[in-house]
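As given, the protein sequences belong to chains A and B, one line each in that order. Residue 229 in the numbering used here sits at position 225 of the first sequence, with consecutive numbering throughout. Residue 60 in the numbering used here sits at position 40 of the second sequence, with consecutive numbering throughout. Below is one structure, written out as structure tokens; comments come after it.
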Amino acid sequence: MLASRDLQLWYGDFHALKGVSMTIEPHSITAIIGPSGCGKSTMLRCFNRMNDLVEGCRVEGEVLFEGRNIYGRYDLTELRKRVGMVFQRPNPFPLSVFENVAYGARIHGLAGGERLRESVKKALIATQLWTDVADRLSTPALDLSAEQQQRLCISRLLAVAPDVLLMDEPCSALDPLATQHIEELMLELKKDYTIVIVTHNMQQAARVSDFTGFMLLGELVEFGETDTLFTAPRDRRTEDYITGRYG
Amino acid sequence: MKKETAIRLTLLGLAMSTVTALAVITTFILKEGVPVMFRQGPAQFLFGTEWRPSAEPPVFGVWAMIVGSFAVTAGALAIGFPVGLGSAIFLSEFAPRRIAGLLKPALELLAGIPSVVFGFMGMLVLLPWIRAHVGGPGASVLAGSIILGIMILPTVISISMDALRSVPRSYREGSFALGATGWQTTWRVTLPAARAGLVAAVILGMGRAVGETMAVIMVTGNTVQIPRSITQPVRTLTSNIALEMNYADGEHREALFATGVVLFAIIMILNTIANAVSRLGRRS
Ligand SMILES: Nc1ncnc2c1ncn2[C@@H]1O[C@H](COP(=O)(O)OP(=O)(O)OP(=O)(O)O)[C@@H](O)[C@H]1O
Ligand SMILES: [Mg+2]
Chain A
5 MLASRDLQLW YGDFHALKGV SMTIEPHSIT AIIGPSGCGK STMLRCFNRM NDLVEGCRVE
65 GEVLFEGRNI YGRYDLTELR KRVGMVFQRP NPFPLSVFEN VAYGARIHGL AGGERLRESV
125 KKALIATQLW TDVADRLSTP ALDLSAEQQQ RLCISRLLAV APDVLLMDEP CSALDPLATQ
185 HIEELMLELK KDYTIVIVTH NMQQAARVSD FTGFMLLGEL VEFGETDTLF TAPRDRRTED
245 YITGRYG
Chain B
21 MKKETAIRLT LLGLAMSTVT ALAVITTFIL KEGVPVMFRQ GPAQFLFGTE WRPSAEPPVF
81 GVWAMIVGSF AVTAGALAIG FPVGLGSAIF LSEFAPRRIA GLLKPALELL AGIPSVVFGF
141 MGMLVLLPWI RAHVGGPGAS VLAGSIILGI MILPTVISIS MDALRSVPRS YREGSFALGA
201 TGWQTTWRVT LPAARAGLVA AVILGMGRAV GETMAVIMVT GNTVQIPRSI TQPVRTLTSN
261 IALEMNYADG EHREALFATG VVLFAIIMIL NTIANAVSRL GRRS
């Protein structure tokens, strides 16, 4: 589905990714773990080229999406439509609940009128937000709770029908109960989408993911099935990290 | 301890001096200006269209000047706001840092050019051009609008830029991550989120335009009349005071102060609106 090949990234002079190669399987959840500043978010943001927005950022190597290099000639709009992203802090637009979810459809000219209302409803049902907001679609999205806002941001993505969901610590601004709800949602979404999640929380990675990659100082130290990586790590540094001997 | 108190008192005194100056000026203007308004009748003064200081008895009606001020100000906004907002959007959303860095000092320089220089340029270049290509005597609402439109640019641009810059980055990222283009993001997310600040830019730009005097005198022709087209000359409230203060005395002088009272009220209303709007924006 998605794969990086010897990916190198620099922020100015700072070498943030040092030859990362990983393959993301369709309809799976892949977790990227590692200590703060190791490049997890940077790696994730390479999959939809969000790093292009950072001035002075330079990328070498390839990221293949369905076999085509997205760092070659690739339509960014098309890429980001199909590879969506959820951020660490819920970031709904300062618009109504409805307009937030309708946003993608509007900018891509996907649907209008009744069809648009249907697609908004479907996206809200998919994140189990519909029952909460059905009767207040016109209230400002910023009035929702943090969990609801994060669900709204996920709905907003689903409305443009992506294939891949990139999630950068989607639960770190949420309480434990809300975290559990979002994790359940991810397992539900896995049936229809391919998910890559960055997390600080190793238990979370162990609970939800099928594959895990461990990063350290810009390198991908180890990548494999989650069960194997957590029970029988091959690399000494992975073992140190998961047993809590690193930050 | 003693020293602390002394410093505190000194600073208090300095702070109070601003307020005192404002109070003195306000009282003075009101005391000099208000009686003549009542002698003419407030409605007659505000809405009368005749201004004849040397008639017997003199007639003072500032309606033509109020209309003149608003006409020139509206024109200035019609020109200055789109250009200013466009520049602000370019500088804060699209320009590479290097170009933004070049334009910023240029803007500050524009803000620093004295009013009389704008007026002079207007007289030499703009008035002949209007006479030749648009029609009329040249000195006109149009000329005032163009000159003021340029003069309010620094205000409009810098306040609009502040408004755009205060929109959280996360909104833009959210939009880009959905596949929106830079322009879609600006139009659908950034501008609506910056709305309150942009309204403030309009209002402060208006304040600047209403209050401007020298350049306006030099390019608007200063005829007391309600303009029927943008190529006709007008007189603004500020011009009225500046033009006649040299030789006015007695009731005429008071009538000029009364013009000042009207101007004062307009500026105060604009500032109140600007403050209310920016407070509203901060709450949401
Ligand atoms: N825009 C940027 N400019 C310069 N350096 C950056 C930029 N963004 C990130 N970095 C640096 O790149 C490295 C990796 O950052 P990244 O955000 O990917 O780490 P992370 O693993 O996601 O950390 P965290 O767990 O704290 O979110 C860090 O050392 C960071 O300081
Ligand atoms: Mg991160």
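The beta carbon of each residue, even a glycine, is placed where N, CA and C say it ideally should be.
- Task: For A:Tyr245, count neighbouring C-beta atoms within 10 Å of its own C-beta (all shown protein chains included) and say buried if the count is 16 or more, exposed if not.
- Result: buried
- Query: Just checking, does the region 219-226 of chain A make contact with the region 187-198 of chain A on the three C-beta pairs under 8 Å criterion?
  - Reply: Contact fails: fewer than three Cβ-Cβ distances are below 8 Å.
- How should B:Pro77 be labelled, buried or exposed, when 16 other C-beta atoms within 10 angstroms of its C-beta is the threshold for buried? Result: exposed.
- Query: Is there contact here, the region 198-205 of chain A with the region 36-45 of chain A, by at least three beta-carbon pairs under 8 Å?
  - Reply: yes
- Message: Three or more C-beta pairs under 8 Å: does that hold for the region 73-84 of chain A against the region 96-103 of chain A?
- Response: By the C-beta criterion, the region 73-84 of chain A is judged not to be in contact with the region 96-103 of chain A, since fewer than 3 inter-stretch pairs fall below 8 Å.
- Message: Classify B:Asn295: buried if its beta carbon has 16 or more other beta carbons within 10 angstroms, exposed otherwise.
- Response: exposed
- At a cut-off of 8 Å, is B:Pro125 close to ligand 1 when judged by its beta-carbon and the heavy atoms of the ligand? no
- Task: Could you check if A:Lys44 is buried or exposed, using at least 16 other CB atoms within 10 Å of its CB as the buried criterion?
- Result: buried
- Task: Classify A:Lys22 as helix, strand or coil using the three-state DSSP reduction.
- Result: strand
- Does the beta carbon of B:Ser190 come closer than 9 Å to any beta carbon on chain A? yes
- Query: Sorted by chain position, which residues of the same chain lie with C-beta nearer than 7 Å to B:Met226's C-beta, five sequence neighbours on each side aside?
  - Reply: When the five nearest sequence neighbours on each side are left out, the beta carbons in the same chain lying within less than 7 Å of the beta carbon of B:Met226 are those of Thr93, Leu97 and Leu290, in order along the chain.
- Item | Quiz: which residues have CB nearer than 7 Å to ligand 2 non-hydrogen atoms | A:Lys44, A:Ser45, A:Gln92, A:Asp172, A:Glu173 and A:Val202
- Nearest CA to the CA of B:Pro188: which residue from A:Thr143, A:His112, A:Gln154 and A:Asn95? Ranked by Cα distance from B:Pro188, the options A:Thr143, A:His112, A:Gln154 and A:Asn95 are led by A:Asn95.
- Message: Looking at the strands, I want to know which residues DSSP matches up with A:Glu226.
- Response: A:Phe218
- Item | Among A:Leu170, A:Ser123 and A:Arg155, the one whose alpha carbon lies nearest that of A:Leu178 | A:Arg155
- Under 9 Å Cβ-Cβ, which residues of chain A neighbour B:Glu193? Met54, Leu57, Met89, Phe91 and Asn95
- Query: Expressed to the nearest angstrom, what Euclidean distance is found between the alpha-carbon atoms of A:Arg119 and A:Ala109?
  - Reply: 10 Å
- Message: Just list the residues that DSSP pairs A:Asn73 with in beta bridges.
- Response: A:Leu68
- Task: Can you give me the Cβ contacts of B:Phe284 inside the same chain, cut-off strictly under 7 Å, excluding the 5 residues immediately before and after it?
- Result: Cβ contact annotation for B:Phe284 (same chain, cutoff 7 Å, sequence separation greater than five): Ile49, in chain order.
- Query: Counting contacts by CB-CB distance shorter than 9 Å, is B:Gly227 in contact with chain A?
  - Reply: no
- Query: Is A:Ser40 near ligand 1, in the sense that its beta carbon is under 8 Å from a heavy atom of that ligand?
  - Reply: yes
- Return yes when the Cβ of A:Met5 is within less than 9 Å of the Cβ of A:Met219, no when it is not. no
- Message: So the candidates are B:Leu276, B:Ile223 and B:Arg273; which of them puts its Cα closest to the Cα of B:Thr292?
- Response: B:Ile223
- Task: Anything in chain A within Cβ reach of B:Leu198, meaning under 8 Å, just list it in chain order.
- Result: Ordered by position in chain A, the residues that pass the 8 Å Cβ test against B:Leu198 are Arg84, Lys85, Gly88, Tyr107, Gly108, Ile111, Arg160, Leu161 and Val164.
- Query: Opposite B:Phe67 in the DSSP bridges: which residues?
  - Reply: Note: B:Phe67 sits in no beta bridge, so no partner.
- Query: Got a sec: is the Cβ-Cβ distance from A:Thr81 to anything in chain B below 9 Å?
  - Reply: yes
- Message: I want to check one thing, is the minimum distance from the CB of A:Val58 to the heavy atoms of ligand 1 below 8 Å?
- Response: Of the heavy atoms belonging to ligand 1, at least one sits nearer than 8 Å to the Cβ of A:Val58.
- Contact under 9 Å by Cβ, B:Ser180 with B:Leu127: With contacts defined by Cβ atoms closer than 9 Å, B:Ser180 and B:Leu127 do not form a contacting pair.
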